[in-house]
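Student: Residue numbers for the sequence shown follow the UniProt record's numbering, so the first one is 1 and each next one is one higher.
The beta-carbon is built from N, C-alpha and C at its ideal position, and this holds for glycine as well.
Got a structure here, written out as structure tokens. Questions coming.
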Amino acid sequence: MNTYLIAGHARLPQGMAARTIYDSLTITLELDRKYGVIIHADCTLATEHAGQFLQQLLRGYCLKDGIDGLLDRVQEFYRGKACQAIQAALKDGYAQFEWISMKQITQ
Numbered sequence: 001m002n003t004y005l006i007a008g009h010a011r012l013p014q015g016m017a018a019r020t021i022y023d024s025l026t027i028t029l030e031l032d033r034k035y036g037v038i039i040h041a042d043c044t045l046a047t048e049h050a051g052q053f054l055q056q057l058l059r060g061y062c063l064k065d066g067i068d069g070l071l072d073r074v075q076e077f078y079r080g081k082a083c084q085a086i087q088a089a090l091k092d093g094y095a096q097f098e099w100i101s102m103k104q105i106t107q
């Protein structure tokens with residue numbers, strides 16, 4: 001298999017519809033094993049539309065370029081209440097990506 005899956009988690013803010021279903025936000029990222037490019041993304045936002053929008057926003061980004069560009073992209077284009085939670089979940093997922101990348105280098 002040429003891809004692997006990581007997940008990032010963050011608390012949702014008060015007053016969000018998704019908070020009635022989930023206490024936290026989870027974003028899963030399917031990454032190309034060699035290049036670190038996001039192939040597919042999914043999340044636990046309340047509406048399918050928001051999840052699809054986020055998928056389009058994240059797909060194609062290379063995590064080997066760092067997390068800042070991806071966080072900027074979310075800040076610019078996602079205007080919902082979950083923006084900070086999305087960014088926190090992406091940072092959490094990115095920490096896993098870095099750990100996996102370091103582990104692969106040392107093997």
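Taking 8 Å as the threshold (C-beta atoms), are residue 90 and residue 8 in contact?
Tutor: yes
Student: Out of 41, 45, 48, state which residue places its alpha-carbon closest to the alpha-carbon of residue 55.
Tutor: 41
Student: If we require 4 or more residues per run, which alpha helix (DSSP H) segments fall completely within the segment 41-90?
Tutor: 48-58, 68-77
Student: Taking only the alpha-carbon atoms, compute the straight-line gap between residue 94 and residue 45 and give it to the nearest angstrom.
Tutor: 19 Å
Student: Spatial neighbours of residue 50 within its chain, please: C-beta separation below 7 Å, excluding the five flanking residues on both sides.
Tutor: 80
Student: With a 10 Å radius around its C-beta and 16 neighbouring C-beta atoms as the bar for buried, classify residue 77 as buried or exposed.
Tutor: exposed
Student: Between residue 57 and residue 73, what straight-line distance do the alpha-carbon atoms span, to the nearest angstrom?
Tutor: 7 Å
Student: Short of 8 Å in beta carbon distance, which residues of its chain neighbour residue 59, apart from the five on each side in sequence? Order them along the chain.
Tutor: Excluding residues within five positions, the ones whose Cβ falls inside 8 Å are 38, 39, 40, 41.
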